[in-house]
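Trainee: Numbering (the working numbering), first residue to last: 315 to 478. Think of the CB as a built atom: it goes at the ideal place given N, C-alpha and C, for glycine as much as any other residue. A single structure is presented below for examination.
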């Protein structure tokens, strides 16, 4: 069977970098054009929380959530982008209105701590599992089966001879 030649990692990285540059330089896809796109209500409702009942605006049914949704609709009608709406919502209702905390200050732990803990757990398991297996093998030595008596050996051979 013939093996397909593999690209070296440096070639793969170069191809990905070229693809990224091509996408970023594509006409009509500039960051200002993407940012100027009109945000959708459903997308924005998922990004904000009701400050009264602490539920997503997509599902909250409190009077406060109705006023927050109306404020978002008014901002969209004024032609504001998603980033501007987010800034206005935080200015009006405080940072508790955000469904996802900003990645700065103490909130950065929310983003950094889980991957670090998973990596530590994997490293710990990589080192402890071989030790556990080695200790289990050393603690339970393999015992040989007891020898059969001559009568049992003859009877076993007779039984096996009948089935063969």
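Mind checking who residue 362 pairs with in its DSSP beta bridge?
Mentor: Answer is 412.
Trainee: Suppose the cutoff is 6 Å on Cβ atoms and the five residues either side in sequence are ignored; what does the same chain contact list for residue 366 look like?
Mentor: Excluding residues within five positions, the ones whose Cβ falls inside 6 Å are 376 and 378.
Trainee: Say whether the region 353 to 365 touches the region 401 to 410, bearing in mind that this needs 3 or more beta-carbon pairs closer than 8 Å, one atom from each stretch.
Mentor: Yes: the two stretches touch, three or more of their Cβ pairs being nearer than 8 Å.
Trainee: State the start and end residues of the unbroken alpha helix (DSSP H) segment that holds residue 371.
Mentor: Where residue 371 is concerned, there is no enclosing alpha helix (DSSP H), given that its DSSP letter is neither H nor E.
Trainee: Buried or exposed: where does residue 452 fall if 16 or more other Cβ atoms within 10 Å of its Cβ makes it buried?
Mentor: Exposed, because fewer than 16 other Cβ atoms sit within 10 Å of the Cβ of residue 452.
Trainee: Quick check: what's the CA-CA separation for residue 346 versus residue 412?
Mentor: Only weak support exists for where residue 346 lies, its pLDDT of 48 falling under 50; the value from the coordinates is given anyway. Answer to the nearest angstrom: the Cα atoms are 23 Å apart.
Trainee: Rank 410, 417 and 353 by C-alpha distance to the C-alpha of residue 386 and give the top, closest one.
Mentor: If we check each option's Cα against that of residue 386, 353 comes out closest.
Trainee: With DSSP as the reference, label residue 353 as helix, strand or coil.
Mentor: Coil at residue 353, not helix or strand.
Trainee: Among 399, 432 and 423, which has the Cα closest to the Cα of residue 357?
Mentor: Considering only alpha carbons, the answer is 399.
Trainee: Can the beta-carbon of residue 417 be found less than 8 Å from the beta-carbon of residue 425?
Mentor: In this structure, residue 425 lies closer than 8 Å to residue 417 by Cβ.
Trainee: What are the start and end residues of the alpha helix (DSSP H) that includes residue 419?
Mentor: Looking at the DSSP string, residue 419 is not in any alpha helix (DSSP H), and its letter there is neither H nor E.
Trainee: Note down the Cα distance separating residue 478 from residue 471, rounded to an integer number of angstroms.
Mentor: Straight-line Cα distance between these residues: approximately 10 Å.
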